[in-house]
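Asker:
Numbering (the numbering used here), first residue to last: 65 to 205.
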């Protein structure tokens, strides 16, 4: 289970690190100073969420390194799995806030919350609903 978990974390880590790196650069652009207070607040929340997601998704690697050889693999897998799930939820929140900010700046249209909500529903379906349904449907008793 450890090997599979680490492979999953690698995929999520790459995405969150690219997104977080991009977010860190936004504040240094000339346009940032011209954003309304609401958009600057959304940006700050997004950066904090991205930092938290990065920490949670890198956590399993650190956990493995610090407990390796201590005969606690079942407990390490459990905690790493929990960190990964928290990281995915935080990544979902980061991507939602990023999309909201980008679409607010790009369009200024009233349909933005509906579009963002639709994308979040899609993420929820792909990341949580389908896996939980599959687990329930196909797990043997």
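Each residue gets a CB set at the ideal place from its N, CA and C atoms; glycine is no exception.
#1: Checking 7 Å against the spacing of the C-beta atoms, do residue 124 and residue 148 come in under that value?
#2: Report, in whole angstroms, the separation of the C-beta atoms of residue 151 and residue 117, which I expect to be a contact under 8 Å.
#3: Under a three-way DSSP split, which group does residue 175 fall into?
#4: What's the gap between the Cα of residue 155 and the Cα of residue 205?
#5: Take the Cβ of residue 114 as the centre, count every other Cβ of all protein chains shown within 10 Å, and call the residue buried at 16 or more, exposed below.
#6: Does DSSP classify residue 206 as helix, strand or coil?
Answerer: Here's the rundown:
#1: Yes, these two residues count as a Cβ contact at 7 Å.
#2: Indeed, because the Cβ distance is near 5 Å, the residues count as touching under 8 Å.
#3: In the structure shown, residue 175 sits in coil (DSSP, three-state: anything other than H, G, I, E or B).
#4: If I take the Cα positions, the gap works out to 32 Å.
#5: By the 10 Å Cβ count, residue 114 comes out buried.
#6: Residue 206 falls outside the range modelled here, since the chain spans only 65 to 205, and no answer is possible.
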